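Numbering (the numbering used here), first residue to last: 1 to 99.
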């Protein structure tokens, strides 16, 4: 579990997306499975953050299962995911701005 909880870092609604990305990356860093309920966010925000992490190449082995009329994310698999150098830099940068 990340040492900065969601209540502390969701200090500004504009920073919410960035904070969710940070929390997910902290779970991945600690080789834990991130869950939207544990982080305290809505499923759609959780999926959007994981999509952002994948596109920014912050972590490896993130797979999406999509479906339905709008091709929305149905499930996300983060098994054996590891941080990349960019993901580690994101965490360091975020922590330097929050603390």
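Virtual Cβ for every residue (Gly too), placed ideally from N, Cα, C. Note that this is a predicted model, so its numbers are computed, not measured.
The alpha-carbon of residue 75 is positioned some 19 Å away from that of residue 23.
Assigned with DSSP and collapsed to three states, residue 76 falls in strand.
Restricting attention to alpha helix (DSSP H) runs no shorter than 4 residues, the segment 33-58 encloses them at 36-39 and 43-55, ordered along the chain. Of the residues assessed, residue 96 falls on the exposed side of the cut-off, its CB having fewer than 16 other CB atoms within 10 angstroms. The straight-line gap separating the alpha-carbon atoms of residue 86 and residue 18 is approximately 14 Å.
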